[in-house]
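Structure, as structure tokens:
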Amino acid sequence: MAIGRIGPQVKRSYQSYGFFVKLSATVVLGLCFVIVWSVFSNYSVTSQRETFDDIAEPVSAKSNGKVSNSQVHSDKIVPKKEKNDSVEQRFKSGLDLGDEGKKINNGSVPLNPVKKPENGGGGGDAKLSKKDDESKTGEDEGSEVEEEEVIGEKGGNEGSDGEGDATATANADANANESVEEDANFINAEDLDQEAPEEESGGSQRVNRKASGPVFDPKKRYTWKLCNTRSKHNYIPCIDIESATGRLQGYRHRERSCPRSAVMCLVPLPHDGYRTPVRWPESKGKILYKNVEHPKLAAYIKTQDWLVESGDYLTFPQNQSVFKGGVQHYLDSIEEMVPDIELGKNIHIVLDIGCKDSSFTASLLEKGVLTLTLGLKDDLVDLAQVALERGFPAVVSPLATRRLPFPSGVFDAIHCGECSISWHSNGATKIILEMNRILRPGGYFILSTKHGSIEAEEALSTLTPSICWNILADKTDELSDIGMKIYQMPEENNIYELRRKKVPPLCKENENPDFAWYAPLKTCLHTVPEAIEQHGAEWPAEWPKRLHTFPEWMNNREKLTADSEHWKSIVNKSYLVGMDIDWSTIRNILDMKAISGGFAAALSDQNVWVMNVVPVHAPDTLPIIFERGLLGVYHDWCESFGSYPRSYDLLHADHLFSRLKNRCKQAIVIVVEMDRLLRPGGWVIIRDKVEILNPLEEILRSLHWEIRMTFAQDREGILTAQKTMWRP
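Our numbering puts the sequence shown at residues 16 to 743.
Structure, rendered in structure tokens:
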């Protein structure tokens, strides 16, 4: 009976709770499946990716640093158009390029390369493809990938296929068009440069950030006015202090100090007008006086015979110099006093402090020595502008309380001829320690004076032994009556331990000798790098071999080689032949965002010099640039550059604006600075994202610059423009 009653009860209970039992069983089975799947799968439901840095594939030297298109990650994908689309499909609407052989003036270039003509024939469109499309494919292809990979930086590197595979075919026209079709794939990279870490060891690494958003407001229209400053046409915003207060007047030009508000005005042309500069190499012997005229220079000319006013020109007689007996006799004396100094061989990069006689730079250049003139702008006559007008490298940077914008151990020699440094002053110790910081171990410090003071002699006799500089020569030249001292920096650290007094003390191990942007001068002595993985441990190869030599301390040497080949291809295929630029008018070039000097190295066979700028927020690759025998400085493009107006013939900006998107408060100040630095008639080559180039083109038009060429594919583009004489 009892058992008979249990059966119906169980049946009723199952009917009441059967649904919940089934549901519970399903949930349990589902959880078991998830757990088993997560254990044996590469993906875990309990982990979330915080970064996508590891997605970037390493660049191989074999592929010249190219990354496949499958790596593209874009906020906005612009679909590719077919190659047979009409010519009217353009990066930005402009004038039609017209008939065969027509130059590109204020127009645009088609988004995609023109299809290769059959049988190697060539109508107007075919020649456009050869001259113009080819000129843009190389430079836009692969650069961003090269930048990140060369420096070994994490980031979302994306790219396209190889760039120069079709370089040898029987027919020249077919070769050109084939190359265009392969090279026209732009690199679609995110350009997310990681900020360089700020140093805790000193200085105020300035970081100006703005809220994320477009670099340029496409709806904004700009009206321009001239700067109303006391410096007038020679205005250098962060060096010429324009305050009228007496206190600041006492510190004028003594240290870098930028205006509180952004400089949005245009520097006027010289009062008596501006004329196209004398071309190189004729400019070595004469320049247009009106282009560099200022009252202090006029007074200085009257007391010198190495520069002579002759009609509209300043001329530089070959046998005249501030050094009596001539600059050639002066250089011969240096090599005779120290035979180990072989100018143009083991000595290739020289810093000339306190520019006085640019004929010194000219004579060194003939010997194969690249000299960077450092204008101190210390209220004495500063001839850095004259050097730039002659076509010689120069930069303006006061030397008082902060480090110079160079890495450590990069100059083969430093020359200080009547450089107005008071060696007996309180700050002389810091200054000579700064010379020691930037001088290459085993490098030479050459000091010459006409009227040496007893105080300065006594000060140097104390300062130089304290940092273990070995004096190699100390004599007065009978012909020139110039007192010359030549010192050599130590090559090993054990000599520092032999000092009786450990003053100045050695710097701490965590003190970064390369940190130089707004870093105060130190009172400690940096040790000499001795490990093979440190730059400066070995003397570089002789020029020009050092240009293509990558020592052990350089990481990713295969990628550096690939980067050099990449830029060589771009320059030869595009910049030199396809942009309608008259390179006979180009001498001074500014690469506004250099990586490893590949662009400058590609131009080494041309009659130009390149100032390579490594932005302070980017990874530090400037030691690599100097090691290759090239010149460069650190700089923050949210501020004004240390040079005179109208210093450069060509500005090169490769993805500069996209890198500064979240850094500068107003990116427009960079355009204003470009207008200040570029000479009328000078050129800019800007490569960046289309959403940046579109409004940037309109900004340049508002400045009355002539847009010579635009080209784009997907999200990447290039813009070439020429500055005019226009002033508001």
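For each residue, glycine too, the CB sits at the ideal point set by N, CA and C.
Assignment of beta strand (DSSP E) within the segment 466-506, counting only whole runs of 3 or more residues, yields 485-491, 498-503 in chain order.
In this structure S658 is in contact with V411, their Cβ atoms being roughly 6 Å apart against a cut-off of 8 Å. Rounded to whole angstroms, the gap between the alpha carbons of I316 and H309 is 11 Å. By alpha-carbon distance to E351, the top candidate from K500, D729, F656 is K500. Cα atoms of R455 and T464: separation of roughly 23 Å, rounded to the nearest angstrom. G383 is positioned such that its CB atom lies no closer than 8 Å to that of W582.
If the five residues before and after D320 are omitted, its C-beta is found closer than 7 Å to the C-beta atoms of Q335, all from its own chain and listed in chain order. Given a length threshold of 4 residues, each whole run of the alpha helix (DSSP H) inside the segment 643-677 is given here in chain order: 671-674. DSSP, read as helix, strand or coil, puts R417 in strand. By DSSP's assignment, L385 forms a beta bridge with I364.
If you compare the alpha carbons of L403, N441, D427, A471 with that of E433, the shortest gap goes to A471. Rounded to whole angstroms, L711 and T725 show a C-alpha spacing of 11 Å. Within its own chain, the residues whose Cβ lies closer than 6 Å to the Cβ of I604, once the five positions on either side in sequence are excluded, are V623, V625, L665, listed in chain order. With fewer than 16 other Cβ atoms from the protein chains shown falling within 10 Å of its own Cβ, N243 counts as exposed.
Residue state for S325 is assigned as strand, using DSSP reduced to three classes.
For L44, there are no CB contacts under 6 Å within the same chain when 5 residues up- and downstream are skipped.
The closest CA to that of T538, considering only A531, C522, K676, K360, is found on C522.
If you look at E731, you'll find it in the beta strand (DSSP E) that goes 731-737. Residue environment for Y237: exposed (fewer than 16 other C-beta atoms within 10 angstroms of its C-beta). Relative to the Cα of G406, the nearest Cα in the group F421, A377, K574, R418 belongs to A377. Partner residues in the beta bridge of N627, as assigned by DSSP, are D606, G647. F338 and R290 have their alpha carbons spaced roughly 31 Å apart. Counting of Cβ neighbours within 10 angstroms places P422 among the buried residues, the total reaching 16 or more.
Excluding the 5 residues flanking it on each side, A399 has same chain C-beta neighbours closer than 6 Å at C370, T388, G390, A409, V411, in chain order. Membership of E573 in the alpha helix (DSSP H) is indicated by the continuous run 572-585. Where S463 is concerned, the enclosing beta strand (DSSP E) starts and stops at 454-464. Membership of A727 in the beta strand (DSSP E) is indicated by the continuous run 721-728.
DSSP, reduced to helix, strand and coil, places H541 outside both helices and strands of the structure shown, so it counts as coil. Where A402 is concerned, the enclosing alpha helix (DSSP H) starts and stops at 399-405. A Cβ-Cβ distance of about 7 Å is found for the pair G644 and L385, placing them in contact under the 8 Å criterion. In the three-state scheme derived from DSSP, where H, G and I count as helix and E and B as strand, W698 is classed as strand. In the three-state reduction of the DSSP assignment, T330 falls in the strand class, which pools E and B. With respect to I356, I429 sits apart: the two C-beta atoms are not nearer than 8 Å. Fewer than three beta-carbon pairs drawn from the segment 573-587 and the segment 669-681 are found closer than 8 Å, and the two stretches are therefore not classed as touching. A direct Cα-Cα distance of roughly 15 Å separates I547 from A556. Nearest C-alpha to I446 among L540, D489, T576: L540.
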